[in-house]
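Sequence order for the protein chains is A and B. With numbering that gives the first Met the number 0, you'll find the first sequence wraps up at 89, consecutive numbering, no jumps. With numbering that gives the first Met the number 0, you'll find the second sequence wraps up at 383, consecutive numbering, no jumps.
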Amino acid sequence: MPTIRIPTPLRSYVNGQSVVTLQGSTVAEAVESLLVQFPALRPHLTNSRGELRPFVNLFLGENNVRDMQGLATPLGENDQLLLIPSVAGG
Amino acid sequence: MLPDLSRDEILRYSRHLLIPEVGLEGQKKLLASSVLVIGTGGLGSPVALYLAAAGVGRIGLVDFDVVDSSNLQRQVLHGTRGIGTLKVESARARLLDLNPEVQVDIYNEPFTSANAMQIARDYDVLVDGTDNFPTRYLTNDLCVLLGKPNVYGSIYRFDGQASVFYAKEGPCYRCLFPEPPPPGLVPSCAEGGVLGVLPGTIGTIQATEALKLLLGIGSTLVGRLLLYNALDMTFEYVKLKKNPNCKVCGPHPEVTELIDYDAFCGVPGRDHDDGSAGMEWDISARELAARIRDGAKIRLIDVREPHERSISSLPGEELIPLGQLASRLHELDSTQEMVLFCKSGSRSTRALEILVSAGFKRVKNLRGGINAWAREVDPSLPIY
Chain A
0 MPTIRIPTPL
10 RSYVNGQSVV
20 TLQGSTVAEA
30 VESLLVQFPA
40 LRPHLTNSRG
50 ELRPFVNLFL
60 GENNVRDMQG
70 LATPLGENDQ
80 LLLIPSVAGG
Chain B
0 MLPDLSRDEI
10 LRYSRHLLIP
20 EVGLEGQKKL
30 LASSVLVIGT
40 GGLGSPVALY
50 LAAAGVGRIG
60 LVDFDVVDSS
70 NLQRQVLHGT
80 RGIGTLKVES
90 ARARLLDLNP
100 EVQVDIYNEP
110 FTSANAMQIA
120 RDYDVLVDGT
130 DNFPTRYLTN
140 DLCVLLGKPN
150 VYGSIYRFDG
160 QASVFYAKEG
170 PCYRCLFPEP
180 PPPGLVPSCA
190 EGGVLGVLPG
200 TIGTIQATEA
210 LKLLLGIGST
220 LVGRLLLYNA
230 LDMTFEYVKL
240 KKNPNCKVCG
250 PHPEVTELID
260 YDAFCGVPGR
270 DHDDGSAGME
280 WDISARELAA
290 RIRDGAKIRL
300 IDVREPHERS
310 ISSLPGEELI
320 PLGQLASRLH
330 ELDSTQEMVL
340 FCKSGSRSTR
350 ALEILVSAGF
360 KRVKNLRGGI
370 NAWAREVDPS
380 LPIY
């Protein structure tokens with residue numbers, strides 16, 4: 000099943016896990032399965048229309064899904080998504 | 000023709016002169032070049048130190064803060080003697096001690112749309128070492144408008160990001176993150192903490208990239224985002240592409256002048272967040288103490304992480320970390336009066352929003368958090 004890596008700033012919303020197993024064959028389905036498991040993460044990832052918010056990115060391999068087919072990008076069984084949030088600390 | 004190096008300079012920079020990619024010509028270039036470092040904190044410290052050591056002829060420093068004891072765990076540009084002094088003054092003294100041959104220009108003022116263009120215009124490269132979103136977006140837009148490279152780095156706990164955003168050659172920061180997050184959604188280092196050496200790692204990468212840009216050598220991070228994790232000791236890269244709809248560097252830009260996000264959408268998240276949820280939702284530490292003394296039944300909800308309780312805690316408090324709050328609302332009674340608190344008021348403001356949107360009305364935010372309680376009510380508690 001596909002997985003997603005959760006960056007440190009968002010781990011408190013997923014019980015501290017660094018990797019979460021997902022379900023679905025597209026990025027949209029996988030993200031929804033993540034948010035059903037962890038509803039507190041929803042405001043960080045998607046807006047009311049279900050679109051990715053402008054301060055987070057999902058990468059599949061080294062490519063931004065926005066540069067692929069967006070949330071419709073197909074996901075394989077062994078694919079791993081990488082969540083990259085904007086971080087301001089300096 | 001660039002000026003020749005003096006005998007002293009030849010000795011000082013001899014290890015550079017020995018590298019064919021730098022050499023005498025490269026060192027002359029560095030001495031004739033300029034870099035503006037925005038922020039002299041965790042990232043700005045190693046950036047400024049290494050650029051001064053490398054002989055970058057003119058270094059500009061922008062900051063309007065004073066050195067605080069809590070800075071010194073990572074901000075190696077400053078020292079204990081400098082506590083309470085202006086960061087830009089403390090930084091300039093250290094840099095000139097390291098290399099008296101470089102010129103250090105300081106700007107002890109907030110970096111805003113009003114002064115950014117004027118300050119940055121004459122520098123070759125800008126380095127983003129700020130600690131907040133408004134200045135990061137300002138720096139990005141400024142670099143796009145001026146056609147200059149923006150050497151980016153950011154940090155949180157054990158995670159670091161670095162890139163070079165240079166719209167002439169690749170994507171800008173807005174191509175990756177079109178808009179900043181709303182208030183309080185992303186924790187700052189002041190709330191979440193940061194490993195002291197992390198900005199050292201990311202800052203030296205930024206300094207490296209700045210030098211490569213000035214020298215015109217190597218492959219920079221243009222079009223790539225570096226992701227570093229200190230805990231796992233991993234370096235990864237992802238590809239960044241120019242966003243054809245980018246608001247500032249796309250073919251039809253909406254952003255054609257500088258924006259102060261502070262001013263019109265009130266994005267906080269600064270290291271120096273005031274910890275206020277707004278007047279009507281706040282309670283001061285003194286007021287809360289007086290109400291408790293008068294016998295008011297108030298539930299004190301601590302929304303910090305469990306490990307923070309060993310630093311300081313309030314008598315009778317109940318811990319519900321912010322990340323768990325939404326799923327533990329059933330533990331709270333909306334008819335009962337509650338005060339939410341965290342370290343300095345930022346996370347509790349977010350918690351308050353969650354409760355208010357769930358219909359809670361008898362709830363307040365402890366303005367300034369437990370640190371304000373330590374300052375105003377119980378000096379036996381440490382401030383962290």
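Backbone N, C-alpha and C define an ideal beta-carbon position, used for all residues, glycine too.
Counting along the chain, Asn370 (chain B) sits inside the alpha helix (DSSP H) bounded by residues 368 to 375.
Annotated three-state conformation of Met278 (chain B) is helix, per DSSP. 7 Å or more divides the Cβ of Tyr260 (chain B) from the Cβ of Pro177 (chain B).
Of the residues assessed, Met337 (chain B) falls on the buried side of the cut-off, its CB having 16 or more other CB atoms within 10 angstroms. In the three-state scheme derived from DSSP, where H, G and I count as helix and E and B as strand, Lys296 (chain B) is classed as coil. Rounded to whole angstroms, the gap between the alpha carbons of Val64 (chain A) and Thr207 (chain B) is 29 Å. In chain order, Thr2, Ile3, Ile5, Val13, Leu33, Gln36, Phe37 place their CB closer than 8 Å to the CB of Val19 (chain A), counting only its own chain and leaving out the 5 sequence neighbours on each side.
A buried status is given to Asp130 (chain B), since no fewer than 16 other beta-carbon atoms sit within 10 Å of its beta-carbon.
Within chain B, no C-beta atom comes nearer than 9 Å to that of Glu76 (chain A); the closest sits roughly 22 Å away. For Glu178 (chain B), the chain A residues whose C-beta falls within less than 7 Å of its own C-beta are Pro53, Phe54, listed in chain order.
For Val34 (chain B), the enclosing beta strand (DSSP E) starts and ends at 33 to 37. For Pro243 (chain B), no Cβ of chain A is located within less than 7 Å of the residue's own Cβ. Taking Gly83 (chain B) as the centre and dropping the five residues before and after it, the same chain places the C-beta of Val65, Val66 closer than 7 Å to its C-beta, in chain order. Following the DSSP letters along the chain, one finds Met116 (chain B) inside the alpha helix (DSSP H) bounded by residues 115 to 119. Between the alpha carbons of Arg73 (chain B) and Asp158 (chain B) lies a gap of roughly 15 Å. Around Cys245 (chain B), the same chain offers Cys171, Arg173, Cys174 as residues with beta carbons nearer than 7 Å, after the five sequence neighbours per side are excluded. Within chain B, no residue has its CB atom less than 7 Å from the CB of Ala27 (chain A), the nearest being about 19 Å off. Comparing alpha-carbon positions, the option among B:Leu351, B:Gly368, B:Asn370 lying closest to Arg361 (chain B) turns out to be B:Leu351. The C-alpha of Pro2 (chain B) is placed about 16 Å away from the C-alpha of Leu10 (chain B). For the stretch 108 to 156 of chain B, the continuous alpha helix (DSSP H) assignments of 4+ residues that do not extend past its boundaries occur at 115 to 119, 132 to 145, in sequence order. At a cut-off of 7 Å between beta-carbon atoms, Thr72 (chain A) makes no contact with chain B. By the C-beta criterion, the stretch 92 to 103 of chain B is judged not to be in contact with the stretch 52 to 64 of chain A, since fewer than 3 inter-stretch pairs fall below 8 Å. For Tyr136 (chain B), not one C-beta of chain A is nearer than 7 Å to its own C-beta.
Contact annotation: Gly191 (chain B) and Tyr151 (chain B) have beta-carbon atoms that are not nearer than 7 Å. The Cβ neighbour count for Ile310 (chain B), taken over all protein chains shown within 10 Å, is under 16; the residue is labelled exposed. The C-beta distance from Gly38 (chain B) to Gly128 (chain B) rounds to 4 Å, short enough to meet the 8 Å contact threshold. For Ala189 (chain B), there is no enclosing beta strand (DSSP E); the enclosing alpha helix (DSSP H) has its first and last residue at 188 to 191. Taking Asp78 (chain A) as the centre and dropping the five residues before and after it, the same chain places the C-beta of Pro1, Leu59 closer than 7 Å to its C-beta, in chain order. For Gly60 (chain A), there is no enclosing beta strand (DSSP E), as DSSP marks it with neither H nor E.
Chain B places a beta carbon closer than 7 Å to that of Gly89 (chain A), counting this residue as a contact.
If you check each beta-carbon in the stretch 180 to 207 of chain B against every beta-carbon of chain A, the ones closer than 8 Å belong to Pro180, Leu184, Val185, Pro186, Ser187, Cys188, Gly191, Val193, Pro198. Here the stretch 186 to 206 of chain B makes no contact with the stretch 106 to 114 of chain B; the two share fewer than three CB pairs at distances below 8 Å. For Ile3 (chain A), the enclosing beta strand (DSSP E) has its first and last residue at 2 to 4.
Distance between Ala371 (chain B) and Pro378 (chain B), taken at the CA atoms: about 10 Å. In the three-state scheme derived from DSSP, where H, G and I count as helix and E and B as strand, Tyr12 (chain B) is classed as coil. In the DSSP assignment, Val338 (chain B) falls within the beta strand (DSSP E) that extends over 337 to 340.
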